[in-house]
Amino acid sequence: MFFQNHIFCCTNRREAGHTRGCCAEKDGEQLRDYMKMRVKELGIAKTRVNNSGCLDRCELGPCIVIYPEGIWYSPKTKADIDEIIELHLQQGKIVERLTLPEA
Ligand code: FES
């Protein structure tokens, strides 16, 4: 298998004042950059951090989804990203406090 984990980070940007908002205005790009950097620095194998367009859960953003599990998170800070990397990617545990509801 080429990649074991695929992480899609919404970095979609809408015009200011849009009713749904967007992940870019909630630091989606900076958090994506940080996650990408830390995954590389820590040498987490078979893991790809990708940009994503709108994942259609804008109001709950910034949104990321990790496959193959299909777990949705809304990390607000770099510390949240660190926790997702350590617990989810390195230990295989879901970080419940940062998950988005199923529906
Ligand atoms: S703008 Fe990120 S989910 Fe829609």
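Residue numbers (our numbering): 129 to 231. Note that the Cβ used here is the ideal one computed from N, Cα and C, for glycine as well. Please read these numbers as outputs of a predicted model, since none were measured by experiment.
Check your understanding: Hey, how far is the Cα of Asn275 from the Cα of Ser202?
Key -> Absent from the structure is residue 275, since the part of the chain shown begins at 129 and ends at 231.
Exercise for review: Name the two residues that bound the continuous alpha helix (DSSP H) containing Ile209.
Suggested key: Position 81 of the sequence shown holds residue 209. For Ile209, the enclosing alpha helix (DSSP H) begins and ends at 206-211.
Review point. Helix, strand or coil for Val167 per DSSP?
Key: For this step, residue 167 is matched to residue 39 along the sequence shown. In this structure, Val167 counts as helix in the three-state DSSP scheme.
**Study point:** Span separating the alpha-carbon of Cys137 from that of Leu226
**Key:** Within the sequence shown, residue 137 is the residue found at index 9, counting from 1. Within the sequence shown, residue 226 is the residue found at index 98, counting from 1. In this structure, the CA atom of Cys137 is about 14 Å from the CA atom of Leu226.
Review point. Among Glu224, Gly198, Pro196, Tyr195, which one has its Cα closest to the Cα of Asp208?
Key: Locating residue 208 in the sequence shown gives position 80, counting from the first residue. Ranking Glu224, Gly198, Pro196, Tyr195 by Cα distance to Asp208 puts Glu224 first.
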